[in-house]
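S.K.:
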Amino acid sequence: MNAQELAQKHKLLECIHCGICTGSCPVARKANLNVRKYMREVAANGKLTVHPQDELWSCTTCATCGIRCPKEITPYDFLIDIRSLAVEGGQIATTLRDALESIFKNGNPWGRIRSKRSEWMQEMKVKHVSEGVEFLYYVGCTPAYDPRVQDVAKAIAKGFEKAHVNFGTLGDEENCCGNEVYGMGEKGLFEFLVEENVKLFGKYGVKQLVTGCPHSYHSFKNRYGQIDFEVLHHTQIFADLIEKGKFELAQSLNKTVIYHDPCFLGKQNGVYEAPRKVIEAISGVKLIEFARSKERSLCCEGGGGRMWVDISGERLSEMRVREAAEAGAEILAVACPFCLLTFEDAVKTTGLEGKLQVLDIAELLMKSV
Ligand code: SF4
Ligand code: SF4
């Protein structure tokens, strides 16, 4: 794609240079990322510069710039195209390249072998999607392999069992959804994953898919083109099951809980109520809010490939856990595997261990049944 095509695709000539995109970007100051400057270079000078790694790869694709832009331009999508140029030119950090290679070879970015993908459910009786199930539980790469996030996958599966819903997984056949691949600009690999996954879902006649990861939720819903299956996030199905009286929420927790809206569920897809409904249904929970919540929520810095690139300076996740503790929360509830990992790490680096616990909403719910 040349500069003119890029300018046209992203409506760069409509930009009024108000600077709201850069002003609202959570990583702009720390990483020197000036998305408006990038756009201007392309639109006004026809220049296609691939900027230093720290700048270009610092964007988390949180979408804040696009949501705030008064001209309905999505600067992060433009940045993803610039990343594609960097990827094509081989200008990409080794850690990112390794993650992409692992996705191509093993179907996950974590360098783990495919035959271990369903190891987390060995002690549970989970059906395969071919055994006449109501919906597919799409687990996702991080919940399948990361020891901490495996607990969330177990809590979600346990929740489905408790509510007597008939679900199944793809076992070791499950593949990466490709959301981070798209965000890193590797469009060719993304298209390959879309093709493979759509084929797989079609083979098993999937009509409804539930995922515990907002990144795969976003990818299936908005990046796969025309799909013939419904996509739900686990908090949506749990909220619905609670409303239908499928859970006996007998245990009182007596805790103050604060909820962090993940960018890919909240800002990108407007899912704000379902997670809160689940938390509020748990007895003995006092739900409090961040000063910056819902569409103003602060990014955890885990999206857009940032799980594989560290940018120096204070982490947004560290700011966020401090905000949670200052607000008086004992539990920081999350609904995304990346938020869980970045915040647990931040709790350790900010000395909040023992004061603030990070739990996925599914884990919180399972404490009360
Ligand atoms: S998507 Fe988020 S991190 Fe990326 S440029 Fe926009 S506001 Fe900044
Ligand atoms: S917010 Fe939109 S109009 Fe304003 S500078 Fe950024 S891209 Fe241009």
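Each residue of the sequence shown is one higher than the last, beginning at 788 in this note's numbering.
In this text, a Cβ means the ideal position worked out from N, Cα and C, and glycines have one as well.
The structure presented is a predicted model; accordingly, all values stated were derived computationally and were not measured.
Which same chain residues end up closer than 7 Å to I854 when comparing Cβ atoms and leaving out the 5 residues on each side of it in sequence?
M.R.: Contacts found: K1054, E1082.
S.K.: Can you determine whether any heavy atom of ligand 1 sits closer than 6 Å to the C-beta of T956, and answer yes or no?
M.R.: No, ligand 1 has no heavy atom inside 6 Å of this Cβ.
S.K.: Using CA atoms only, rank isn't needed, just tell me which of Q878, Q909, R935, K1135 is closest to A1112.
M.R.: Nearest C-alpha to A1112: K1135.
S.K.: Consider the C-beta atom of G833 and the heavy atoms of ligand 2; say whether any pair is separated by less than 6 Å.
M.R.: Outside the cutoff, so no.
S.K.: In its own chain, which residues sit with a C-beta less than 7 Å from the C-beta of C928, not counting the 5 before and 5 after it?
M.R.: Within the same chain, C928 has close Cβ partners N895, P896, W897, C963.
S.K.: Nearest to E1105 by alpha carbon, out of G1092, G975, L1119?
M.R.: Among G1092, G975, L1119, the Cα nearest to that of E1105 belongs to L1119.
S.K.: Can we count V814 as close to ligand 1, meaning its CB is less than 6 Å from some heavy atom?
M.R.: The answer is yes for V814.
S.K.: Jot down the residue ranges of each uninterrupted alpha helix (DSSP H) in the region 821 to 876, minimum 4 residues, whole runs only, in chain order.
M.R.: Entirely contained in the region 821 to 876, the alpha helix (DSSP H) runs reaching 4 residues are, in chain order, 822 to 832, 840 to 843, 851 to 855, 862 to 875.
S.K.: Among R1010, E983, E961, which residue has its Cα nearest to the Cα of V926?
M.R.: Residue E961 is the option with its Cα nearest to V926.
S.K.: Taking H1020 as part of the alpha helix (DSSP H), name the residues at either end of that continuous run.
M.R.: No alpha helix (DSSP H) contains H1020, which is instead part of the beta strand (DSSP E) from 1017 to 1020.
S.K.: Does the region 792 to 804 come close enough to the region 861 to 868 that 3 or more CB-CB pairs lie under 8 Å?
M.R.: Verdict: yes, contact present.
S.K.: Report back the beta-carbon spacing between C849 and C1086 to the nearest angstrom; my notes put them in contact at under 8 Å.
M.R.: That belief holds up - the Cβ atoms of C849 and C1086 are roughly 4 Å apart, short of 8 Å.
S.K.: With H, G and I counted as helix, E and B as strand and the rest as coil, what does DSSP make of A1120?
M.R.: A1120: strand per DSSP, three-state reduction.
S.K.: Could you tell me the boundaries of the beta strand (DSSP E) in which T929 lies?
M.R.: Where T929 is concerned, there is no enclosing beta strand (DSSP E), although the alpha helix (DSSP H) it sits in stretches over 928 to 932.
S.K.: Taking 7 Å as the cut-off, decide whether the C-beta atoms of L1074 and V1044 are in contact.
M.R.: Contact flag set, yes.
S.K.: What residue range does the alpha helix (DSSP H) around I890 cover?
M.R.: Per DSSP, I890 belongs to the alpha helix (DSSP H) from 881 to 893.
S.K.: For I1024, which residues in the same chain have their Cβ closer than 7 Å to its Cβ, ignoring the five residues on either side in sequence?
M.R.: So the list reads V997, once near-sequence residues are dropped.
S.K.: Report buried or exposed for T836, applying the criterion of at least 16 other Cβ atoms within 10 angstroms of its Cβ.
M.R.: Exposed: under 16 other Cβ atoms inside 10 Å.
S.K.: On a Cα-Cα basis, can you pick out the residue from A1133, G946, A942 that is closest to K1033?
M.R.: Looking at the Cα atoms, G946 is the closest of the given residues.
S.K.: Using 8 Å for Cβ pairs, my map puts E842 next to K834. What's the rounded Cβ distance?
M.R.: 15 Å between Cβ atoms; not a contact.
S.K.: Can you list, in chain order, the residues of its chain with a C-beta nearer than 6 Å to that of T861? Leave out the 5 residues immediately preceding and following it.
M.R.: Cβ within range, chain order: G853.
S.K.: Is it buried or exposed, K1142, if we count other Cβ atoms within 10 angstroms and call 16 or more buried?
M.R.: Label assigned to K1142: exposed.
S.K.: Check whether the Cβ of H797 sits closer than 6 Å to any heavy atom of ligand 2, and report yes or no.
M.R.: H797 Cβ: outside cutoff for every heavy atom of ligand 2.
S.K.: Taking F988 as part of the alpha helix (DSSP H), name the residues at either end of that continuous run.
M.R.: First-last of the alpha helix (DSSP H) with F988: 974 to 990.
S.K.: Just how far apart, CA to CA, sit E1035 and Y825?
M.R.: One C-alpha to the other measures close to 53 Å.
S.K.: Between P930 and P1001, is the Cβ-Cβ spacing less than 7 Å?
M.R.: No; because the gap between Cβ atoms is not below 7 Å, this pair is not in contact.
S.K.: Is I807 near ligand 2, judged by its Cβ being under 6 Å from some heavy atom?
M.R.: The answer is yes for I807.
S.K.: Do the region 970 to 988 and the region 931 to 950 make contact, defined as three or more Cβ pairs closer than 8 Å?
M.R.: As far as the Cβ criterion goes, the region 970 to 988 does not touch the region 931 to 950, which means the pair count is below three.
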